[in-house]
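Student: This is the structure I have questions about; it appears just below.
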Amino acid sequence: MSKSQYDLVVFGATSFVGQILTRYLHEQFGVGGNLKWAIAGRSRSKLDQIQSNLGRSAQELPVLVADASDDQAMRALCDQTRVVISTVGPYALYGEPLIRACVESGTDYCDLTGEVQWLRRMITSYQDQAEASGARIVNCCGFDSIPSDLGVYFLQKEGQQRFGQPFTRIKMRVRAAKGEFSGGTVASLLNVVKEARADPALRKELANPYSLCPPNHGFTARQPNVKSAEYDADFQAWTAPFVMAAINTRVVHRSNALSGGGYGRDFRYDEAVLTGRGLKGRGTALGVAGAMGGFMLGAAMKPTRWVLERFVVPKPGEGPSPEAQKKGFYDLRFFGESPEGQRLRARVTGDQDPGYGSTGKMLGQAGVCLAKDLAESDRAGGFWTPSTAMGDQLLERLKAHAGMTFEVLE
Ligand SMILES: NC(=O)c1ccc[n+]([C@@H]2O[C@H](COP(=O)([O-])OP(=O)(O)OC[C@H]3O[C@@H](n4cnc5c(N)ncnc54)[C@H](OP(=O)(O)O)[C@@H]3O)[C@@H](O)[C@H]2O)c1
């Protein structure tokens, strides 16, 4: 076995999003071409089926069998490749042995986790080892949190060029989006709520906007947080809480910390959903806030969680149909303001449903960016965010190959 056998391995190719990702990589890179890649998972028969569904041109696509709980199998996987992409979640339940194998073997890694509590644990346990081995670990490479993290990165770069300083306040507002949750995402969300209910220290940590920053970050600015229906004068519309804000805002603050406070020590950032103007906008905002509160409450209590898991939410492996993925999209607006009142707006869009069609492409390009663009880079080992690990290189890939746009609104 040699690390140069593969550029990347997709671990969890049988998951709902792993299948989308595998189809995407096959369409983009084929098999036996410039990208040497393989699919992996715990079930040989399911993997063979995925490979055969891709058609004759994928006959030579290598298939590797490994269980996420088997340390030796995780190490053997890492020893054959330079990058592992993992979609095996909930990561808090299955993800640690692979992270350990990557940091021990110096293998680059990216995933789709949005589980703050697990990320905090992994950073605390393995940052030093990753630095020592050179493994670049990049979590949150899906809808949470690439559009937010790179959207802020993009707006800050434009602001720097125009005004010579970063924006100390940025807002992200979801103007429009169409998509559904998959079973894996809901399972991860329910697991976070379950862990938090049993652990007061974790609840406190989840409420800390800087919980993913390194211990010496020194940020003290009080962060805004849309918790209920609120009117936003900058967008002249009502807003409601955004379900992904809890992870996205933490990733953006970690990017600020890892870039040496490049957005400023007093940088403030929040996310919300725009629900429109007038009474209708207010009513929708109240409805969204109420529904979100109801779901969280239901997920926190054992009997209602049981009902949600069994009857209401999709099961692991389930998710939106291919038609629904194609019809999906998102349109995110960013608003930046400097202390002197200089302002700039930007828009980030994606051409398929956020959580699956678009996420599969983002994750694929993040893995390829690590394998190809960062192969010779001197980016050190450690836990990075998408923007601090890959910045412009990933941004260009997403614009060219993943149906995303990043543009300033004059
Ligand atoms: N960031 C985002 O925007 C975003 C979007 C979508 C999903 N996600 C996250 O991505 C993850 C995957 O979501 P999904 O809906 O695609 O999940 P899913 O369909 O439920 O698939 C779970 C995967 O984990 C595999 N698995 C479970 N236990 C394993 C083990 N012991 N060893 C090896 N493989 C194992 C399953 O293999 P089998 O097929 O053999 O059972 C399957 O491939 C979730 O954590 C979800 O929260 C994030």
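Numbering (this note's numbering), first residue to last: 99 to 508. Where a beta carbon is used, it is the ideal one built from N, C-alpha and C, also for glycine. For clarity, every value in this text was computed on a predicted model and none was experimentally measured.
(1) Closest to L377 by CA distance: which of N346, E328 and M172 is it?
(2) Relative to ligand 2, is the shortest distance from any of its heavy atoms to the C-beta of V115 smaller than 6 angstroms?
(3) Consult DSSP for A335 and reduce its assignment to one of helix, strand or coil.
(4) With A370 as the anchor, note down where its alpha helix (DSSP H) starts and where it stops.
(5) Return the residue from the list G489, S184, D169 and A164 that minimises the CA-CA distance to S357.
(6) Counting only the same chain and skipping the five closest in sequence on each side, list residues whose C-beta sits under 8 angstroms from that of Q254.
(7) Using three-state DSSP, classify S243 as helix, strand or coil.
(8) Give the C-beta separation of Q463 and A500 to the nearest angstrom, bearing in mind that I take them to be a contact with Cβ-Cβ under 8 angstroms.
(9) I want to know whether the stretch 214-223 touches the stretch 140-157 - three or more CB-CB distances under 8 angstroms.
(10) Would a C-beta distance cut-off of 7 angstroms place V371 and V272 closer than the cut-off?
(11) According to DSSP, A138 sits in a beta bridge with which residue or residues?
(12) Would the beta-carbon of S246 fall within 7 angstroms of that of N346?
(13) How about D449: is its Cβ closer than 6 angstroms to a heavy atom in ligand 1?
(14) If we count the other Cβ atoms within 10 Å of its Cβ and call it buried at 16 or more, is T185 buried or exposed?
(15) Figure out for me which residue from L492, Y428 and A473 has the closest Cα to the Cα of A275.
(16) Along the chain, where does the beta strand (DSSP E) containing C208 start, and where does it finish?
(17) Quick check on the DSSP output: the beta strand (DSSP E) that includes S184 runs from which residue to which?
(18) Roughly how many angstroms lie between the CA atoms of S475 and G232, to the nearest whole one?
(19) Tell me whether R267, by its Cβ, gets closer than 6 angstroms to a heavy atom of ligand 1.
(20) Please list the terminal residues of the continuous alpha helix (DSSP H) segment that includes K101.
(21) Taking the beta carbon of Q170 as the centre, do at least 16 other beta carbons fall within 10 Å, making it buried, or is it exposed?
(22) Distance, Cα to Cα, S113 vs A444?
(23) Near L152, which residues of its chain fall below 6 angstroms by C-beta distance, leaving aside the five closest residues on each side in sequence?
(24) Which value, in whole angstroms, describes the spacing of the CA atoms of E202 and A228?
(25) Closest to L210 by CA distance: which of D242, L191 and G204 is it?
(26) Nearest by alpha-carbon distance to P188: which of F127, G110 and Y122 is it?
(27) Between T483 and the rest of its own chain, which residues show a CB-CB distance below 6 angstroms, the 5 nearest in sequence each way excluded?
(28) For the candidate residues L287, D330, L442 and Y367, whose alpha-carbon lies nearest to that of F317?
(29) When you measure from the CB of L210 to every non-hydrogen atom of ligand 1, does any distance come out below 6 angstroms?
(30) Do F261 and Q491 count as a contact pair if the criterion is CB distance below 7 angstroms?
(31) Identify whether T486 lies in helix, strand or coil by the three-state DSSP scheme.
(32) Considering only residues of the same chain and omitting the five flanking positions on each side of K424, which have a CB-CB separation below 7 angstroms?
(33) Do you know how far the Cα of A473 is from the Cα of F127?
(34) In the structure shown, what three-state DSSP assignment does A275 receive?
(35) Got a sec: does ligand 1 put a non-hydrogen atom nearer than 6 angstroms to the Cβ of P188?
(36) Hey, would you say A469 sits closer than 7 angstroms to L162, going by beta carbons?
Tutor: Reading off the structure:
(1) E328
(2) Ligands present in the displayed structure are limited to ligand 1, and ligand 2 is not among them.
(3) strand
(4) It is not in any alpha helix (DSSP H) - A370 instead sits in the beta strand (DSSP E) that spans R366 to G374.
(5) G489
(6) P264, F265, I268, G360, Y361 and G434
(7) strand
(8) 5 angstroms
(9) no
(10) yes
(11) F109 and L162
(12) yes
(13) no
(14) buried
(15) Y428
(16) D206 to D209
(17) T179 to S184
(18) 11 angstroms
(19) no
(20) Premise fails: K101 is in no alpha helix (DSSP H) and is neither H nor E.
(21) exposed
(22) 33 angstroms
(23) H124
(24) 7 angstroms
(25) D242
(26) G110
(27) D247, V349, R352 and S353
(28) Y367
(29) yes
(30) no
(31) helix
(32) Q450 and G455
(33) 18 angstroms
(34) strand
(35) yes
(36) no
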